[in-house]
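One structure is given below, encoded as structure tokens.
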DNA sequence: TATCTTCACTAAACCGGTTTGCTAAACCGG
DNA sequence: CCGGTTTAGCAAACCGGTTTAGTGAAGATA
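Protein chains in written order, with this note's numbering: chain S, 184 to 542; chain W, 184 to 542.
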């Protein structure tokens, strides 16, 4: 009897009110099937007993949870350290709440995304940054749970939302090229598990391709040694830049695939007594809310982060609610370069060489 | 038969393997009660059928969900726009994942926290920023769900985690006083529902008390007209400062109860062609990751945000797992002022008057 | 007056698992 | 060869609701 405040069950209400369980259920779900005064009386008894239908039991019979899952390939504690994810969640949450759905975050428990997924009670899943070598996608499909992939390798049978990574990256690189830079360092986002090979269709690869395309157009190659990766956080950016610096890399500009890392990289550069953009230019990616407010204001590739989350939920609910899995939508949102203060002409370069691209 | 890939049930596996449901259940949960080869065979059949135990059914019988809820009094879409919440979630998520728990975010659905709560399937709840006039706390207790209150009015029967709001605020104000400021504007965080009266024991009130105590000590009163509130976001800070400015308020310093709002206030000040800290000093509260990186680096009151989240989960799980509701813990974490570049002496003040506090 | 509806409510089946109590066969020592 | 213990597996009850198929009484219709 040490049980903490025993939760009344539907049978308790039924007994107390002198009716059947069915009547109690009706009183809550279809009061019109009961005499008005009976319904009121049952609800009074329920109220007085402090009865609330057990949500799990309800889920079981109604075969829906009114919850959507957000699947991340990395621990939430690392994911949340990237402000990008906060904004994305904002979009997801807004759309979910609007439709009356709750949010459940699913991340690898004890290293296993599969086991975390199999215990999650959701009607559908928005997966972000899941590379296709993750076997979880297959597992989810087999469990019959609708899924929408965001920033992942798109699969034809599932809805997907992505952005123009290649175009955005190319614009960032072209901006630097216009400023005279030929000697760059690329800082990318590392794949979820360090052991995992880089997904050739993943976000990191796509952005890298954009960078390389732009530089190739002016006959400059970005060798692999000029590409480093790290976790998408401020600390990750600091570590990545310092690591490259210690390896003797001395670029005039840094192309970073995440604003959080870019801010870290700027910190590291400043700690090396370099000025931005005087000595080194930095371009980020994402355009998080704080990008205009850091010092110097960050030049970056804008992507509609909140919208990305909201659209993903919209696509997902279309499948969940209408059971219409026929033609999953595939969305590609636009990116655009926002030039702020963290980029400038190559140091020592004569001014006229970069005329016309200067702001 | 339009059903999407029908999910196999335990009975299907049992039939296919020629055993009882019980045996299948054993094969997964207590294989030692089965002959080894039988267990293997059953698991093979399950694997081949793509069977996974239905998580909701499992929750129902095991009477636990392995999920903890994070309760917010405002829509997630607004909560997530404050970087503070991202860091807090980081702490919560880290501790939860470590113990094998998933995370479910609970926010008012269609305006009702109560209905959102009653459909959430969680073993316990971490509530943040819930003022005690929220009747939900009572509802949750009646549902028998353990709860830990964070940044709320502490109730003796539930665990709680808070910080030294008064002390932190006092330190911030004293810092300004030391720099010669006597004429300040306070920007606070508005209560969840605009209609709600300000909770006299809430975070906003506590911090305000700290500010006022410090100024009272030097004989200066902060009148109510010098206190404005808004949502805790960059935009909220911009709007709050502009609003005050339009009302003719011309302080030499601004005390802001959230870093996000402080960053917004700095933006608004700069747009008014004022320099920081030359014309106006700004002090924030929280010390979010980006505080050192904004322009100018933000002087702010540090609080251990991640630890706050982690400790809340720890307290909660102590109750959830050990069913030991006897002596809920009440934690108060320390705050400390971090002086960076957004504060300086009162403009026009002779230098020696502030000597000794200058950095 | 006999039959047909409608009304208000209920008993039982069901959702998809887990757990308890039991049985039949195999094993084991004396 | 016999009683006692283990072992391997099953049937049924249970978790806490919802839903289906009915039931008896009152009211309406012929």
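Heads up, the beta-carbon is just placed ideally off N, CA and C, and yes, glycines get one too.
Please state whether DSSP places residue i in a helix, a strand or coil.
i	result
residue 455 of chain W	coil
residue 288 of chain S	strand
residue 134 of chain W	The requested residue 134 of chain W is not part of the displayed model; chain W covers only 184 to 542.
residue 410 of chain W	strand
residue 343 of chain W	strand
residue 277 of chain W	helix
residue 356 of chain W	helix
residue 372 of chain S	strand
residue 242 of chain S	helix
residue 259 of chain W	helix
residue 234 of chain S	coil
residue 430 of chain S	coil
residue 449 of chain W	helix
residue 546 of chain W	Outside the shown range of chain W, which is 184 to 542, sits residue 546 of chain W, and nothing can be said about it.
Sort out for me which residues DSSP pairs residue i with in a bridge.
i	result
residue 419 of chain W	Bridge partners of residue 419 of chain W: none, in fact.
residue 469 of chain W	W:485
residue 250 of chain S	S:285
residue 330 of chain S	S:308
residue 477 of chain S	W:477
residue 217 of chain S	Answer by DSSP bridge pairing: none, since residue 217 of chain S is not bridged.
residue 401 of chain W	According to DSSP, which records beta bridges pairwise, residue 401 of chain W is partnered with nothing at all.
residue 436 of chain W	W:367 and W:464
residue 295 of chain S	S:292
residue 520 of chain W	W:484
residue 513 of chain W	W:343
Assign residue i to one of two classes, buried (16 or more other C-beta atoms within 10 Å of its C-beta) or exposed (fewer than that).
i	result
residue 272 of chain W	buried
residue 474 of chain W	buried
residue 455 of chain W	exposed
residue 348 of chain S	buried
residue 458 of chain W	exposed
residue 218 of chain S	exposed
residue 220 of chain W	exposed
residue 435 of chain S	buried
residue 194 of chain S	exposed
residue 442 of chain S	buried
residue 241 of chain W	buried
residue 565 of chain W	As displayed, chain W neither begins before 184 nor continues past 542, which places residue 565 of chain W out of reach and without an answer.
residue 515 of chain W	exposed
residue 245 of chain S	exposed
residue 230 of chain W	exposed
I want to verify the contact list: residues of chain W whose CB lies under 8 Å from the CB of residue i, in sequence order.
i	result
residue 464 of chain S	Residues of chain W passing the Cβ test: none, with the nearest at roughly 17 Å.
For residue i, which residues in the same chain have their Cβ closer than 8 Å to its Cβ, ignoring the five residues on either side in sequence?
i	result
residue 537 of chain S	Residue placement at residue 537 of chain S is flagged as unreliable, the pLDDT there being 45, under the threshold of 50; the coordinate-derived value follows with that caveat. Correct list, in chain order: 361, 362, 363, 528 and 529.
residue 261 of chain S	414 and 416
residue 247 of chain S	306
residue 461 of chain W	527 and 530
Note down, in chain order, every chain S residue with its Cβ under 8 Å from the Cβ of residue i.
i	result
residue 239 of chain W	239, 242, 243, 248 and 304
residue 446 of chain W	473 and 476
residue 417 of chain W	472, 473 and 476
residue 287 of chain W	250, 285, 286, 287 and 288
residue 277 of chain W	258, 259 and 260
residue 413 of chain W	Neighbours of residue 413 of chain W on chain S: none; closest Cβ ~16 Å, over 8 Å.
Using a C-beta to C-beta distance shorter than 9 Å, which residues of chain S count as neighbours of residue i?
i	result
residue 273 of chain W	259, 260, 261, 262, 263 and 264
Kindly list, in the order they appear in chain W, the residues whose Cβ is closer than 7 Å to that of residue i.
i	result
residue 293 of chain S	283
residue 420 of chain S	In chain order: nothing, as chain W lies at least about 11 Å away.
Less than 6 Å between C-beta atoms, sequence neighbours within five positions excluded: which residues of the same chain meet that for residue i?
i	result
residue 484 of chain W	351, 355, 468, 518 and 520
residue 535 of chain S	Summary for residue 535 of chain S: the model assigns pLDDT 45, below 50, so the residue's position carries little reliability; its value from the coordinates is reported in the next sentence. If we look at residue 535 of chain S and ignore the five residues flanking it on each side, it has no Cβ neighbours.
residue 424 of chain S	448 and 451
residue 270 of chain S	488 and 489
residue 285 of chain S	250
Give me the chain S residues within the contact set of residue i, using Cβ-Cβ distance strictly less than 7 Å, ordered along the chain.
i	result
residue 494 of chain W	By Cβ distance, chain S contributes nothing, its closest Cβ being about 14 Å from residue 494 of chain W, past 7 Å.
residue 450 of chain W	476
residue 280 of chain W	258, 259, 260, 290 and 292
residue 235 of chain W	301 and 326
Any heavy atom of the ligand ZN inside 7 Å of the beta-carbon of residue i?
i	result
residue 442 of chain S	The ligand ZN is absent from the structure shown, which contains no ligands of any kind.
Report the neighbours of residue i on chain W: residues whose CB is nearer than 9 Å to its CB, in chain order.
i	result
residue 441 of chain S	Result: empty, since nearest Cβ-Cβ is about 14 Å, beyond 9 Å.
Suppose the cutoff is 7 Å on Cβ atoms and the five residues either side in sequence are ignored; what does the same chain contact list for residue i look like?
i	result
residue 388 of chain S	381 and 382
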